[in-house]
Amino acid sequence: MKTYLVTGGAGFIGSNFIHYLFEKYDDDVCVINLDKLTYAGNLENLIDVETRENYRFVKGDICDAKTVDPLVQEADIVVNFAAESHVDRSIGAPDAFIQTDVYGTFILLEAARKHGVEKFIQISTDEVYGSIIDGSFKETDILEPSSPYSASKAGADRLAYSYFVTYGLAVIITRCSNNFGPYQYPEKLIPLFVTNALEDKSLPIYGDGKNVRDWIYVRDHCDAVDFLLGHGAHGQVYNIGGGNERMNIQITDLILHYLHKPDSLKNYIQDRLGHDRRYSVDTGKIAALGWTPGHKFEQAMHSTIQWYVDHKAWWGKLKSGEYKEFYKANYKKEL
Ligand code: NAD
Ligand code: DAU
Numbered sequence: 055m056k057t058y059l060v061t062g063g064a065g066f067i068g069s070n071f072i073h074y075l076f077e078k079y080d081d082d083v084c085v086i087n088l089d090k091l092t093y094a095g096n097l098e099n100l101i102d103v104e105t106r107e108n109y110r111f112v113k114g115d116i117c118d119a120k121t122v123d124p125l126v127q128e129a130d131i132v133v134n135f136a137a138e139s140h141v142d143r144s145i146g147a148p149d150a151f152i153q154t155d156v157y158g159t160f161i162l163l164e165a166a167r168k169h170g171v172e173k174f175i176q177i178s179t180d181e182v183y184g185s186i187i188d189g190s191f192k193e194t195d196i197l198e199p200s201s202p203y204s205a206s207k208a209g210a211d212r213l214a215y216s217y218f219v220t221y222g223l224a225v226i227i228t229r230c231s232n233n234f235g236p237y238q239y240p241e242k243l244i245p246l247f248v249t250n251a252l253e254d255k256s257l258p259i260y261g262d263g264k265n266v267r268d269w270i271y272v273r274d275h276c277d278a279v280d281f282l283l284g285h286g287a288h289g290q291v292y293n294i295g296g297g298n299e300r301m302n303i304q305i306t307d308l309i310l311h312y313l314h315k316p317d318s319l320k321n322y323i324q325d326r327l328g329h330d331r332r333y334s335v336d337t338g339k340i341a342a343l344g345w346t347p348g349h350k351f352e353q354a355m356h357s358t359i360q361w362y363v364d365h366k367a368w369w370g371k372l373k374s375g376e377y378k379e380f381y382k383a384n385y386k387k388e389l
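In our numbering, the protein residues as written are 55 to 389.
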């Protein structure tokens with residue numbers, strides 16, 4: 055039985071990954087979830103697993119070596135999801151991004167080197183490449199991150215690689231595109247627009263709404279990480295994508311249409327600073343190993359939107375406190 059140390063396991067993708075592991079491996083896996091519980095960490099995401107004997111939650115910071123060291127020592131596999139993850143916040147206050155995304159990853163890598171873990175998965179992002187107008191980035195392309203968030207993720211990505219080259223640590227790096235699904239904090243495009251629309255509030259579209267993102271259902275991302283644990287080569291980077299490139303305005307229309315809400319909720323506002331026009335990754339490398347996403351975009355979007363319709367108790371609280379203050383101060387968006 056393998057012991058996984060999942061960092062950032064109370065966040066969006068981390069909590070989906072923990073659910074994925076228990077659904078797939080049930081009692082044949084042991085999971086330690088290390089999470090600082092920032093505004094983005096939410097133990098409600100894990101209520102249905104919290105009493106399992108093969109699950110343990112530890113509240114702690116990946117920047118704190120004293121907390122990290124004994125947990126890494128227990129683990130066979132480290133999957134590092136912990137990060138500050140929201141581009142808009144990184145524009146307003148980059149400090150925590152450098153601290154957690156770069157220094158925190160360093161602390162984890164040091165502990166992993168000391169205790170010689172079997173695998174270390176660094177969850178990087180497609181944003182490290184920067185924007186691309188035509189074509190798609192391959193893993194060998196240069197990195198030109200454009201926000202403090204993506205630059206800090208690029209730092210962690212290359213630091214993880216250096217631990218493979220220099221110390222032979224069994225590192226695998228993933229660069230995934232935009233995830234959507236249940237438990238995503240309602241500051242990101244899809245949950246923000248769905249929950250605003252449900253409350254008949256306006257949908258703040260940056261710029262002309264024609265920026266393009268590739269969307270992947272979170273469950274497929276989790277499946278790809280699990281696949282790479284079995285099939286990925288150490289020291290390698292793997293792009294992960296859904297193959298669903300859409301302009302933000304298309305996402306907006308899909309949400310309004312599903313919820314039977316009027317076009318008048320669309321509100322074009324000032325663009326994000328340094329807003330990357332398009333992200334696109336070439337996923338040939340992971341496909342050649344035998345992995346492709348299993349979910350169809352429209353179906354997964356509908357079930358995701360419906361999840362937010364059915365879980366107002368989950369997001370209502372999040373939108374009433376700290377979130378509200380942040381947006382009032384930074385974006386003057388309608389809440
Ligand atoms: P999230 O913001 O929902 O969750 C991040 C989690 O990390 C939270 O639970 C938070 O409490 C925790 N955390 C933050 N700082 C910490 C620290 N110092 N120590 C311990 N825990 C800490 O983010 P997400 O969207 O689930 O993203 C997870 C990872 O996947 C991130 O590394 C992100 O860069 C990467 N990623 C995200 C996407 C996406 O579309 N969301 C796509 C590609 C890659
Ligand atoms: O590409 C992977 C990345 O996707 C991850 O690494 C990040 O952690 C994750 O947050 C996400 O970054 P984006 O900046 O692409 O996601 P976000 O949901 O913030 O924005 C998606 C697009 O929607 C982007 O073009 C900006 C636009 N947008 C976003 C918000 C929050 C709006 O037009 N209005 C908004 O209010």
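By construction, the Cβ of each residue, glycine as well, lies at the ideal position given by its N, Cα and C atoms. Fair warning: this is a prediction, and the values are worked out from it, not measured in the lab.
Practice problem: Check the DSSP bridge columns for S185 and list the partner residues they point to. | Solution: Counting from 1 along the sequence shown, the entry for residue 185 is found at position 131. None, per the DSSP bridge assignment.
Quiz item: Okay, do the segment 174-185 and the segment 195-204 touch, 3+ Cβ pairs below 8 Å being the bar?
Solution: yes
Quiz prompt | Through-space distance from L243 to L389, alpha-carbon basis | solution = To locate residue 389, count along the sequence shown from 1; it is residue 335. To locate residue 243, count along the sequence shown from 1; it is residue 189. Note that L389 scores 44 on pLDDT, short of 50, meaning its location in the model is unreliable; the coordinates nonetheless yield the value given after this. Distance between the alpha carbons of L389 and L243 is about 14 Å.
Quiz item: Considering only residues of the same chain and omitting the five flanking positions on each side of L399, which have a CB-CB separation below 8 Å?
Solution: A question about residue 399 goes unanswered here, because the residues of the chain that appear run from 55 up to 389.
Quiz item: For C84 versus N108, is the C-beta distance shorter than 8 Å?
Solution: Locating residue 84 in the sequence shown gives position 30, where the first residue counts as 1. Locating residue 108 in the sequence shown gives position 54, where the first residue counts as 1. It is a contact, given that the beta carbons lie within the stated cut-off.
Self-check item: Whole-angstrom distance between S374 and P240, CA atom to CA atom
Solution: Residue mapping note: residue 240 aligns to position 186 of the sequence shown, counting from 1. Residue mapping note: residue 374 aligns to position 320 of the sequence shown, counting from 1. Taking the straight line joining both Cα atoms gives about 11 Å.
Quiz item: Looking only at DSSP bridge pairs, what is Y271 linked to?
Solution: For this step, residue 271 is matched to residue 217 along the sequence shown. DSSP output for Y271 lists F234 as bridge partner(s).
Quiz item: Three-state secondary structure (DSSP) at R143?
Solution: As a first step, residue 143 must be located in the sequence shown, where it is residue number 89. R143 falls in the helix class under three-state DSSP.
Practice problem: Taking only the alpha-carbon atoms, compute the straight-line gap between E128 and G170 and give it to the nearest angstrom. | Solution: The residue given as residue 128 occupies position 74 in the sequence shown. The residue given as residue 170 occupies position 116 in the sequence shown. Whole-angstrom Cα-Cα distance: 11 Å.
Practice problem: Verify whether the separation of the beta carbon atoms of I303 and I259 is less than 8 Å. | Solution: Working through the sequence shown from its first residue, we reach residue 303 at position 249. Working through the sequence shown from its first residue, we reach residue 259 at position 205. Yes, they are a contact pair.
Quiz item: Nearest to T358 by CA position, among W345, Y271, H73, is which residue?
Solution: As a working note, residue 358 is residue 304 in the sequence shown. Ranking W345, Y271, H73 by Cα distance to T358 puts Y271 first.
Self-check item: Residue from K315, T61, I227 with nearest C-alpha to A251
Solution: The residue given as residue 251 occupies position 197 in the sequence shown. The option with the nearest alpha carbon to A251 is K315.
Quiz item: In angstroms, rounded to a whole number, what distance separates the CA positions of A210 and V156?
Solution: Residue numbering aside, residue 210 sits at position 156 when the sequence shown is read from its first letter. Residue numbering aside, residue 156 sits at position 102 when the sequence shown is read from its first letter. Looking at the two C-alpha atoms, the distance is approximately 5 Å.
Practice problem: Buried or exposed for D330, please, with buried defined as at least 16 other CB atoms from any protein chain shown within 10 angstroms of its CB. | Solution: Taking the sequence shown and counting its residues from 1, the one referred to as residue 330 is at position 276. The residue in question, D330, is buried, as its Cβ has 16 or more Cβ neighbours within 10 Å.
Practice problem: With a 10 Å radius around its C-beta and 16 neighbouring C-beta atoms as the bar for buried, classify N134 as buried or exposed. | Solution: Sequence index remark: in the sequence shown, residue 134 carries index 80 (1-based). That one is buried.
Practice problem: Would you kindly work out how many angstroms separate the C-alpha atoms of L310 and L88, rounded to a whole number? | Solution: As a working note, residue 310 is residue 256 in the sequence shown. As a working note, residue 88 is residue 34 in the sequence shown. If I take the Cα positions, the gap works out to 37 Å.
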